[in-house]
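Take a look at the structure below.
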Amino acid sequence: MIDISPDIPDLHVDGRQIEQVLVNLFVNGIQAMGDQGTLTIKASYQASSDRVTIQISDTGPGIAGPDLPKIFDPFFTTKREGEGTGLGLAVSQRIIQAHRGHIGVTSHLRQGTTFTLTLPCGVEHEISAHGREKTPAMMLRQTRKHILLVDDERSLSDLIRDFLVHAGYEVDQAIDGVEGLAMLSSSVYDGLIMDIRMPRKDGLEVLAELQDTTPGIPTLVITGLATNEEIDQAKLYGVTRVLRKPFQLDDLLHAVREITKST
1 MIDISPDIPD LHVDGRQIEQ VLVNLFVNGI QAMGDQGTLT IKASYQASSD
51 RVTIQISDTG PGIAGPDLPK IFDPFFTTKR EGEGTGLGLA VSQRIIQAHR
101 GHIGVTSHLR QGTTFTLTLP CGVEHEISAH GREKTPAMML RQTRKHILLV
151 DDERSLSDLI RDFLVHAGYE VDQAIDGVEG LAMLSSSVYD GLIMDIRMPR
201 KDGLEVLAEL QDTTPGIPTL VITGLATNEE IDQAKLYGVT RVLRKPFQLD
251 DLLHAVREIT KST
């Protein structure tokens with residue numbers, strides 16, 4: 001069901017990004033309902049605050065109370081294996097916040113879930129150090145550096161990819177060290193993001209081989225299980241930064257910018 005108020009003014013947003021956020025919420029709702037249910041989309045304008053409110057509601061099973069505060073965490077998902085993360089709620093939240101907006105959620109078990117987005121109609125632009133206005137799209141797209149992401153946890157890898165693509169990076173993915181080394185031998189990358197614990201060939205083995213083939217490539221290690229000894233060994237191989245899982249997406253973006261600033 002669609003209920004769009006006719007008095008909604010134009011929004012000064014990155015249309016592609018907002019479209020992807022909305023599609024992600026639509027897909028989440030449809031997946032939650034399975035084969036039956038109703039997806040409702042409402043949009044209205046509040047003249048007093050000069051904001052547009054968009055609500056996406058489903059009649060699915062709802063989200064358990066203890067899970068509700070976690071849904072925007074990049075390491076949290078209620079989806080089944082194989083369903084993927086789509087754009088990811090963490091990335092969606094980041095995009096809405098970059099547009100000076102807000103995204104919230106209410107949910108009741110066996111009654112459904114509602115996501116509410118509010119977006120300002122007139123976005124105040126930030127001024128960059130060079131005196132140029134920075135729109136939300138510009139703030140998310142600072143560069144076009146080429147990154148290789150190597151992680152066997154596919155859902156997390158997809159979420160990181162989506163986030164970095166929306167931040168302006170070009171991202172290739174490899175599922176393990178063997179695939180990662182093959183891609184590193186055939187393409188030139190500005191930076192490498194890699195887990196340590198992986199099947200077939202782990203991160204430390206990859207780093208050891210890179211000493212001979214691609215020494216000095218800026219590398220960010222992301223890991224949740226590696227020991228301190230493994231981290232120390234990674235640093236001996238020249239790893240630039242290490243992030244322990246779970247981490248915040250802003251910390252990830254800061255680390256990626258740091259390792260690629262000289263490339």
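Per this note's numbering, residue 1 is the first one in the sequence shown, and the count goes up by one each step.
Here a beta-carbon is modelled for each residue, glycine too, at the ideal position from N, C-alpha and C.
Y146 to H108, Cα distance in whole Å?
Residue mapping note: residue 146 aligns to position 146 of the sequence shown, counting from 1. Residue mapping note: residue 108 aligns to position 108 of the sequence shown, counting from 1. In the sequence as displayed, the identity of residue 146 is His instead of Tyr. Rounded to the nearest angstrom, the two C-alpha atoms are 42 angstroms apart.
Any chance you could list the beta strand (DSSP E) runs of at least 3 consecutive residues sitting entirely within the segment 34-101, in chain order?
40-46 and 51-58
Quick check: what's the CA-CA separation for G101 versus L117?
On the sequence shown, position 101 is the one that residue 101 refers to. On the sequence shown, position 117 is the one that residue 117 refers to. When the Cα atoms are used, G101 and L117 turn out to be separated by approximately 7 angstroms.
Compare the beta carbon distance of I30 and L22 with 9 angstroms and say whether it is the shorter of the two.
Working through the sequence shown from its first residue, we reach residue 30 at position 30. Working through the sequence shown from its first residue, we reach residue 22 at position 22. No, these two residues do not count as a Cβ contact at 9 angstroms.
Give the single residue among T59, S187, Q20 and R51 whose Cα lies nearest to the Cα of S92.
Numbered from its first residue, the sequence shown carries residue 92 at position 92. When only C-alpha atoms are compared, the closest one is Q20.
Is it the case that the Cβ atoms of I259 and L220 are separated by a distance below 9 angstroms?
Start at 1 with the first residue of the sequence shown, and residue 259 comes out as number 259. Start at 1 with the first residue of the sequence shown, and residue 220 comes out as number 220. Yes, the Cβ-Cβ distance between I259 and L220 is below 9 angstroms.
Out of curiosity, what's the CA-to-CA distance linking L184 and Q211?
Numbered from its first residue, the sequence shown carries residue 184 at position 184. Numbered from its first residue, the sequence shown carries residue 211 at position 211. Taking the straight line joining both Cα atoms gives about 12 angstroms.
Run through DSSP, which three-state label would G224 get?
Here residue 224 refers to the residue found at position 224 when the sequence shown is read from its first residue. It is coil, neither helix nor strand.
Please classify R144: is it buried, with 16 or more other beta-carbons within 10 angstroms of its beta-carbon, or exposed?
As a position in the sequence shown, residue 144 is number 144, starting the count at 1. It counts as exposed.
Output yes or no for whether 9 angstroms exceeds the beta carbon distance between L164 and I18.
The count along the sequence shown starts at 1 and reaches residue 164 at position 164. The count along the sequence shown starts at 1 and reaches residue 18 at position 18. Contact: no.
From the DSSP secondary-structure annotation, give me the bridge partner or partners of G112.
Here residue 112 is taken as the residue at index 112 of the sequence shown, counted from 1. DSSP output for G112 lists H108 as bridge partner(s).
Any idea what DSSP makes of V206, helix, strand or coil?
Stepping through the sequence shown from its first residue, residue 206 is reached at position 206. In this structure, V206 counts as helix in the three-state DSSP scheme.
Considering just the uninterrupted stretch of the beta strand (DSSP E) at V150, what are its terminal residues?
Residue numbering aside, residue 150 sits at position 150 when the sequence shown is read from its first letter. Residues H146 to V150.
Is A255 helix, strand or coil when you go by DSSP?
Along the sequence shown, read from residue 1 onward, the residue named residue 255 stands at position 255. Note: A255 maps to helix in three-state DSSP.
Residues in its own chain within less than 7 angstroms of R110 by CB, not counting five upstream and five downstream?
Walking along the sequence shown from the start, residue 110 turns up at place 110. P61 and G62, listed in sequence order.
By the DSSP assignment, the alpha helix (DSSP H) with M183 in it spans what residues?
Numbered from its first residue, the sequence shown carries residue 183 at position 183. Here the alpha helix (DSSP H) through M183 covers G177 to S186.
Would you mind reading off the limits of the beta strand (DSSP E) that contains D172?
As a first step, residue 172 is located in the sequence shown; it is residue number 172 there, counting from the start. It spans E170 to A174 - the beta strand (DSSP E) in which D172 sits, taken as one unbroken run.
Between the Cα of T106 and the Cα atoms of D67, G224 and C121, which residue gives the shortest distance?
One-based indexing of the sequence shown puts residue 106 at position 106. Looking at the Cα atoms, D67 is the closest of the given residues.
Have a look at I175 and G65 and give me their C-alpha separation to the nearest angstrom.
Taking the sequence shown and counting its residues from 1, one reaches residue 175 at position 175. Taking the sequence shown and counting its residues from 1, one reaches residue 65 at position 65. Near 34 angstroms, if we compare the C-alpha coordinates of G65 and I175.
Over the uninterrupted alpha helix (DSSP H) stretch that includes L159, give me the two end residues.
The residue labelled residue 159 in the question sits at position 159 within the sequence shown. First-last of the alpha helix (DSSP H) with L159: R154 to H166.
Once the 5 residues before and after R161 are set aside, which same chain residues still bring their CB inside 8 angstroms of it?
As a first step, residue 161 must be located in the sequence shown, where it is residue number 161. L149, V171 and Q173.
If you draw a straight line from the C-alpha of D251 to the C-alpha of G180, how long is it?
Position 251 of the sequence shown, counting from 1, holds the residue named residue 251. Position 180 of the sequence shown, counting from 1, holds the residue named residue 180. In a straight line, the C-alpha of D251 is about 23 angstroms away from that of G180.
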